Every structure is written in structure tokens, then in C-alpha cells.
Amino acid sequence: MVLQPTTSPQQWHALGQSEVRALLRTTDQGLSVEEARTRLLDLGPNEIQERPPDRWYQVLLRQFRSPMILFLLAAAVITLFLHEWFDSFVILLTLLLNASLGFWQERKAEHDVKALRQLTVAEATVVRSGTAERIAARELVAGDLVRLESGDKVPADLRLTDVHDLQINESMLTGEVLPVLKSTGPHPEDTDLSDRLNMAYSGTLVASGRASGTVVATALDTELGAIAQSVQVKAQKTPLQKLTDRLEKYIAVVVIAVAALISVVSVPLGTTASEAFRNAVALIVSALPEALPIVFTVTLGVGVSRMAKHRAVIRNLPSVETLGSTDIIGSDKTGTLTINRMTVEKLWTPDGQELDVTRLPGDGSALSATQRRSLRTGALSNEAEPRAGTDQEFGLVGDAVDVAMAAAGLRTGAVSAGERETGPVAANAYEPEKKYSQAMFRTADGHVLHVKGAPETILDFCSSMDTPEGPVPLDGEMIQQASQELGGRGLRVIATASVEVPAAEYGESLDEPRGLTFTGLQGMMDPPREGVKQAIADCQSAGIRVMMITGDHPGTAEAIGRRLGLRSRLGPLTGAEMARLDDSELRGRLRDTSIAARMSPQDKLRIVQVLQEAENIVAITGDGVNDAPALRAAAVGIAMGKSGTDVARESADLVLADDNFVTIVEAVRQGRVTFASIRKATHFLLANGLAAMLAVALNTFSDLPLIFLPAMLIFMNVITNGIQDIALGFERGEGDELRQPPRSQSEGILGRTMLIRTLVTGTWMGLGTLLVYNLAQDAGFALDHARTLALITMVMFNFFNVFNSRAERVSLFRLNPFGNPLLLISSFAALLLQWGAMSWEVSAELIGLAPLSAAEWLFCTAVGATVMVLVEVEKLIRQIVARRSPTDSEKG
Numbered sequence: 003m004v005l006q007p008t009t010s011p012q013q014w015h016a017l018g019q020s021e022v023r024a025l026l027r028t029t030d031q032g033l034s035v036e037e038a039r040t041r042l043l044d045l046g047p048n049e050i051q052e053r054p055p056d057r058w059y060q061v062l063l064r065q066f067r068s069p070m071i072l073f074l075l076a077a078a079v080i081t082l083f084l085h086e087w088f089d090s091f092v093i094l095l096t097l098l099l100n101a102s103l104g105f106w107q108e109r110k111a112e113h114d115v116k117a118l119r120q121l122t123v124a125e126a127t128v129v130r131s132g133t134a135e136r137i138a139a140r141e142l143v144a145g146d147l148v149r150l151e152s153g154d155k156v157p158a159d160l161r162l163t164d165v166h167d168l169q170i171n172e173s174m175l176t177g178e179v180l181p182v183l184k185s186t187g188p189h190p191e192d193t194d195l196s197d198r199l200n201m202a203y204s205g206t207l208v209a210s211g212r213a214s215g216t217v218v219a220t221a222l223d224t225e226l227g228a229i230a231q232s233v234q235v236k237a238q239k240t241p242l243q244k245l246t247d248r249l250e251k252y253i254a255v256v257v258i259a260v261a262a263l264i265s266v267v268s269v270p271l272g273t274t275a276s277e278a279f280r281n282a283v284a285l286i287v288s289a290l291p292e293a294l295p296i297v298f299t300v301t302l303g304v305g306v307s308r309m310a311k312h313r314a315v316i317r318n319l320p321s322v323e324t325l326g327s328t329d330i331i332g333s334d335k336t337g338t339l340t341i342n343r344m345t346v347e348k349l350w351t352p353d354g355q356e357l358d359v360t361r362l363p364g365d366g367s368a369l370s371a372t373q374r375r376s377l378r379t380g381a382l383s384n385e386a387e388p389r390a391g392t393d394q395e396f397g398l399v400g401d402a403v404d405v406a407m408a409a410a411g412l413r414t415g416a417v418s419a420g421e422r423e424t425g426p427v428a429a430n431a432y433e434p435e436k437k438y439s440q441a442m443f444r445t446a447d448g449h450v451l452h453v454k455g456a457p458e459t460i461l462d463f464c465s466s467m468d469t470p471e472g473p474v475p476l477d478g479e480m481i482q483q484a485s486q487e488l489g490g491r492g493l494r495v496i497a498t499a500s501v502e503v504p505a506a507e508y509g510e511s512l513d514e515p516r517g518l519t520f521t522g523l524q525g526m527m528d529p530p531r532e533g534v535k536q537a538i539a540d541c542q543s544a545g546i547r548v549m550m551i552t553g554d555h556p557g558t559a560e561a562i563g564r565r566l567g568l569r570s571r572l573g574p575l576t577g578a579e580m581a582r583l584d585d586s587e588l589r590g591r592l593r594d595t596s597i598a599a600r601m602s603p604q605d606k607l608r609i610v611q612v613l614q615e616a617e618n619i620v621a622i623t624g625d626g627v628n629d630a631p632a633l634r635a636a637a638v639g640i641a642m643g644k645s646g647t648d649v650a651r652e653s654a655d656l657v658l659a660d661d662n663f664v665t666i667v668e669a670v671r672q673g674r675v676t677f678a679s680i681r682k683a684t685h686f687l688l689a690n691g692l693a694a695m696l697a698v699a700l701n702t703f704s705d706l707p708l709i710f711l712p713a714m715l716i717f718m719n720v721i722t723n724g725i726q727d728i729a730l731g732f733e734r735g736e737g738d739e740l741r742q743p744p745r746s747q748s749e750g751i752l753g754r755t756m757l758i759r760t761l762v763t764g765t766w767m768g769l770g771t772l773l774v775y776n777l778a779q780d781a782g783f784a785l786d787h788a789r790t791l792a793l794i795t796m797v798m799f800n801f802f803n804v805f806n807s808r809a810e811r812v813s814l815f816r817l818n819p820f821g822n823p824l825l826l827i828s829s830f831a832a833l834l835l836q837w838g839a840m841s842w843e844v845s846a847e848l849i850g851l852a853p854l855s856a857a858e859w860l861f862c863t864a865v866g867a868t869v870m871v872l873v874e875v876e877k878l879i880r881q882i883v884a885r886r887s888p889t890d891s892e893k894g
């Protein structure tokens, strides 16, 4: 019989243990072996099936989805039927190059690592028919009784039935850096996931203690499984992909319509139908910027390479540009803005001194006797121990508080590793009910008892407090005020105390301590990463709003937010508050806060969706499994490469190899440089295409012979545009990228400024070329000579316009002329090839060229240079207008 639970996984925490067993038809001795086998057949294995990667041919076919590529394919087929082999070769070569680049990039980005499988534990201890045995975790079924011990990964979602000092690290789900102390009693149905103390969730880690629990969910029914399913939602197109699709459709329709019109009009004027069709195809190939997809791919690839040098690894090519367009970055706190490690930051001693522990030298020279005693107590009444393979400070593992206090003692020189390794002669571990731990160490004169714990508990054990002059009567009120002040800064406060015990008074066991001398308060937290505050300020100056979205406690999140310059006018938004708001109300609340705390994975996902519905381009950073749905849904998902989980990395578009939020700032700048390069190359290609189309169209309606032969248009398109458009993708920027606001989503690839510049320069170049052709005809030049003059004029226009395209805002003459050597070399190489084609009789006859004198070359160069003057004047006018009306310029 198939097991049909009558309650959802989200409600198991609200039920008593007997109700859970009744619903799952199990007992306190677990399932029988036969029943477990039957359920495994009915319900399937406890494993998350991964979505298979796309086949190679699917990736290849994806490269031909562009409207412009489809139009070019049609043009290639038509030219093949017409036996125009040269035209067909050029078109097909362009298509093949673009498809190869895109195919290689996508295949390179596929990871062989199976993230969700790595998070699945291999084995588990299960009790069946009253007997404990180790089995493969994939064989667990709902109703099984599972035992947990320190160091285990939880193999399925469990309703805990018996716990002994069980603490579970749930940071991968909740963002909480501290382990959660578990219990067994039921909770209200609306309890947040992070507060369900009677549950243990699949994939989390047992930090200490032991427990038993009943399996209530396996595979995709677990919290981890729900996240895995949401991660596999199909990603939406990026803003650049949407803009590109729209631009390509518009260009293709306009070019083909103009070519068809010219073809139809030219027949009544004496051109044969076949010749008119050939001219139309040639014009389409010349005016249609078929190199645009290649430019996009190469430019994005250059951005990928540059980001990789700054430790930012791009997994999804269009995300290079999208990051530059981002206007909101929603960052996880734990492990992203912070170092994901509790650290003792402040030490307060009864003499009123407060010490920044993180800045002390390691030789102990800066410590007073009282400070040393407090740090020693924290490090010695401590169960943290070294273990190879951990990245924690000093290689320590254990309770987060113990690790922090042990590391503080070792880092400051207050205690040595040898002293800790010697171990106490007696010790009592920390117990939540008692709220303290103690350890007795032997000394030359007897023993010293070290005690640490909650300040209010430790104060009850003390009769004096330590000062440089020696012990003095205890001032409990002063100590409590100091504790509250440290706690108000978001620090977790632990008190320390000690007492010397004569050898004659020491017994074999430790009773509740009495007569202690209070030595200090240690304030700790998971601190911000170095440089993050400045990185956030840089983002804000670039017009990017930074939000903290975390599963951690609101007080902790707000304390970290204050230190990083993040403010919330109405306080942090919590998951509980968010549940009461509809999308419109939530959108308004998000405008008033930069901190969201106690967020579940679904909450984070909803925030991303609400912000994106408000036309924001959202980037989300994170490192845990709980971040994966939001990483997948955001325009750009940014995962931590070192400390992040595999699920987070597989869900992200960008991985920070150094786990440094600071890297995002440089990635944003490179993203903006990348889009600017795409914009500049688009301007160059469209201006050239417009010039050619305008010259041919106006010439068609005159009584003059055809200005360009089809071979001329094809040759000019290949040689003149050639690699220069691609070379524009290697521009390094104008230097002011982070002083510009994010690009509006309503703005096209060109933007208003570059669109006007494209229309003006394209028209100027087209009319200038036509004017030279008319002058040559009026002067009585031979037809091929006049056509060559027109062609070289167009070539020189393009030569100077490609250098115009290097800068959108600043003058060309302020840029380093050797800043883009590829552009410099390719531009002069194109001129050399043009001259060679004219000089070699075979190519000259094939294309229809005639040789030009040096004076004619100079004349064409002078005419072509006018486009540079035109653009420089336009930039100067814009700068003057911007200085006179700074508000308008900022808006633009």
C-alpha cells in the first residue's frame, strides 16, 4: 500500500510525537524491515534526481535562434541558388564563426560536478524492528527511526523524538551562523523554519550532541528537495538578450524592406529583374550588420576574461553585461558580507577598559594581567579542538563560541596551543540549562578554576572582580551595564571568571562554582569582511542600491547593517511581517529598508520577484542552499566560490572565486565597460550600414548608373568592417563607469545619444559618398573610376568613424591612441588590403575597382575625416550643455 501522509512536511513540527507516529504508521522501535522495503518500492529512493544537461546538438541549435541569423541563413541559401559563391562563402563563414563561439562558451560553462548529489549523505544509522544498522541514506523512507551523532549530516527531514544536547548547524538553510539547540516539544503551525527546534532538516550538520528522529520527508519532499525543484525553474532572458532580439528584428525588417523597395523601383528604370535581385541581396548583406551577433559574443567573452582576472567567474555569458545594468544588489549576510565565523572583537574588563581584540599583536605584549586572565579563561574552559582540513582560524572545530574564544586566546598570545593540548584535570561542558562551562587546570602551586558563560549566571558565582591592583568587591551593576552596552551593538556577550584553588581543596569532581573573581566580558559576532563597507559605498555611488537579505536574527542583521552603512528607516523587514503584506505593500516596504531578516528561501525568492516586477534589475549574492532559488530567479545570481555550497554555485551566473563582496564592484565596472563596448560596436556597424543603404537608395532614384556593384558592397563589408567591429569589444572603458547611473531598462542598446549619433553620422557618410560619386561623374571620370572614388570615400568614412566609436562621452583625443592596439592594427590593415585589392589586377577586375592617384587618396581621406570633426563638435556641445544644466545631465 502506498503511504499517503495526511499532513504536509511544513506541519510536522506542530504535531506531538504520538501523532507523528500514528500518521506515518510507525512505532518507537522504527519500521519493520519488510514495511521499509515496501515503502521504498512505493515512494522511491531518498535522492534528488538532477536535471540532465542539454545535448551538444541542442546547444549548437541554440546559436541559430537569433532573427538576424535566420535572415542571413535565408540570404546564404538564396545566393547559393544564384551561384554567387563569394557572397555565400562570406555569409556562411560569418554564421559558422558566431555559432562556434557561442557553442564553445556554453559547453565550457557546463560543470560536471553534481551539486545536489554532493549534499546527499552516503549512509545513515536507522533503527528497524528495534535494531540499529547502517544503511545507504537513499534507502530511508518516511516512518524510519534515524539516530544522529556529532559530525553527521542529517539524511532526511526528521521530527525529533529524543535529544541529548543536540546542536545543528542550519546556516545552509537559514543563514544563522550559530548552531541551533534542539528540543522535542511541538510548536505552533506558523513557526518559522529557523525556529522549529523539534525538526532536523536534510543536508544540515550535527555540531554536537546526539538524537533520534522519525523520517517525515525524503527526496524532493524535504526542504532541500523543495529548493532543488525551485532551482530548476527555467531562467528568463537577460535584459541584453531582450534588447538584442528587439534590435535584430527591427534592423532586419527595415533593411529587407528598403532592399525590396529599391529592387522593385530599379526594374522600371532599366535594370533587369535578376540584376535587381542580386543588387538587393548584396545591399542586404552589406547593410545588415551580420557581425553583430559575433560582436556580442566576443565582447561578452572579453568581459568574462577580464572578470576572471579579478576572481569573478562567469557561468552565463550575457550576465557579464547584466551585472553592469544592475540597480539593486541583494546580498546574503552570512559568508558574503561577513566572514561566516564567530570572532571575539571586544574585551571589557572591570577596570572599565575596552579592548579591540582583533588588532592586538600575537605576542601578548599589549595585554594587562586582567585582560590576559579573561582571554585565558575563555580559551581554556573550552571544548574546541584542532582538526586537519578545516578552514577555521587555527584549524579549530567545535561550538562556534568555543572556537571564537579559543582562537582569541591563541591569536593574542594569552594562551599557547601546548597549554590547551595539556587539557584540564576536570571539566564540565556547557549545558544550556546551566548556561556555563568550567575547567580545572593544574598549576605549580595548586589549581586554577576557569569558568565562562552567560553574564547573569557568572555574576551569581562571583564575590569579587579583577583589577590591576588586585581583586576588589564586585560591582554587579557596572558589569551589567557594560554587558547591555556590548549587546546593544549586536555582539554576543560571554563573561569569564576564575579562582585559584589550593591543592588541598581540590576534589575529583567539580561542583557549582562559588567565590569566583570576575575577569571580563568578551563580545563576539560574525564580523564584516574587510573592504565590504567601501565596496557598498562604491556601489551606492554607482547608483546601485545594496540590500541585506538574510535568514539571521533581525538584531544581528541590523547591527551588521549599521557597520556597513545600510540603514532601515522602519527597522529590518522580517519574514513574519512580510507574510502579512501583499505584493504592492511589500514593494513599498522594500523602498524603506535595506535590511531583510529571518527570511526563508521562499521569502528571498518573493523579494526578488517583487523587485523585478517593479522594473528593477536585481543581482542576488549568496552561499547557502537557502539562497539557491533567489540566485536562479535573479537577473544575476552571484555565489561564493570558496565557502559557498555546490547548489548555490550551480544556481548562479557569477561565482566569486575569492568569496569577496568587494570583487562585485570591479565586476560591475567591467559589466558596464562590456555593455559600452557592445553599444559602440553597434553604433559603428549601424552607421556604416545606414550610409551604404542611403547612398544606394538615393542613387537608385537618380539617373546615374548604380553607385556600387554587389561585389564592391560585399568586399567593403568584409574588409572595412572586418575585425574593427570586434576590436571595439576590447576597449577598456572611459574611466567614469562607476560615476554613471545604471542604464534604464527602457533604454535600447544604443541609447538616445548614440542613436542620434548613428543617424547623423550614417546620413553624413552616405550623403558625402554620394556627393563624391556625383562630382566624379560630372568630371567625366570613367564609371569604374567614379565607383572606386565613392568606395574609398566610404572606406575612409568608416576608418575615422571606428575611432569615433571608441568613446561615447569623452573626446577621442583624451584617450590613449595605443589603448586598443587590436583596433589600431586592424584599421590600418583594412586600408592596406583595400589598396592591395586595387593594385592587383585580378582582384581589381573581380570587384570592379580602378587605381587611384595619391592625390585622390588624400582627397577621399580628407572627406572621410569630416565625420571625426562632426562627432567631436557634437561631444563638445553636449559637454557645454551638461555643464550649464547639471541636473539634466545627471538624469541623462
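Numbered continuously in this note's numbering, the sequence shown closes out at residue 894.
Heads up, the beta-carbon is just placed ideally off N, CA and C, and yes, glycines get one too.
Remember, it's a predicted structure, so these values are computed and weren't measured experimentally.
Residue i by DSSP, collapsed to three states: which one?
i	result
Val143	coil
Val304	helix
Thr623	strand
Trp842	coil
Tyr59	helix
Val453	strand
Gly974	What the structure shows of the chain is the stretch from 3 to 894, and residue 974 is not part of that stretch, so it cannot be assessed.
His166	strand
Pro744	coil
Ile879	helix
Ile341	coil
Assuming the contact rule is C-beta atoms closer than 8 Å, residue i and residue j should be a hit. Round their C-beta distance to whole Å, please.
i	j	result
Met527	Glu347	6 Å
Ala499	Phe463	6 Å
Ala697	Ile709	6 Å
Ala539	Phe663	Their Cβ separation, rounded to whole angstroms, is 12 Å, which puts Ala539 and Phe663 out of contact at 8 Å.
Ser268	Thr702	5 Å
Val804	Arg734	With 8 Å as the limit, Val804 and Arg734 do not qualify as a contact, their Cβ atoms being about 16 Å apart.
Leu512	Val501	Not confirmed; about 12 Å, so no contact.
Compute the Euclidean distance between the alpha carbons of residue i and residue j, then round it to the nearest angstrom.
i	j	result
Val235	Ala635	Bear in mind that the predicted position of Val235 carries a pLDDT of just 49, short of 50, making it too unreliable to give a figure here.
Val123	Val129	With a pLDDT of only 43 at Val123, under 50, the local geometry of the prediction cannot be trusted, and the value read off the model is given with reservation. Their backbone Cα atoms lie some 17 Å apart in a straight line.
Met806	Glu736	The sequence given here has Asn at residue 806, not Met. Going from the Cα of Asn806 to the Cα of Glu736 covers about 13 Å.
Ala689	Asp727	12 Å
Leu461	Phe520	7 Å
Leu814	Gln836	25 Å
Gln31	Met407	41 Å
Ser383	Ser439	6 Å
Inspect the beta-carbon positions of residue i and residue j and report whether they are closer than 9 Å.
i	j	result
Ala905	Asp164	Any answer about residue 905 is impossible in this case: the structure gives the chain only from 3 up to 894.
His449	Met201	no
Gly643	Ala659	yes
Ser602	Asp629	no
Glu250	Thr206	no
Val322	Phe732	no
Thr360	Pro529	yes
Leu785	Cys862	no
Val797	Met718	yes
Report the option in the options whose CA atom is closest to the CA atom of residue i.
i	options	result
Gly624	Lys335, Glu141, Arg317	Lys335
Ala839	Asn800, Gly750, Ala228, Ala852	Ala852
Pro504	Thr445, Pro475, Val548, Ala561	Thr445
Ala788	Trp859, Met480, Arg880	Trp859
Val670	Thr414, Arg361, Arg308	Arg308
Pro556	Ala781, Glu178, Asn818	Glu178
Arg317	Gly205, Asp655, Val266	Asp655
Glu356	Ser466, Ser485, Leu168	Ser485
So that I know if they touch, is there some Cβ in chain B lying closer than 9 Å to that of residue i?
i	result
Glu421	The chain labelled as chain B is not found in the depicted structure, where only one protein chain is given.
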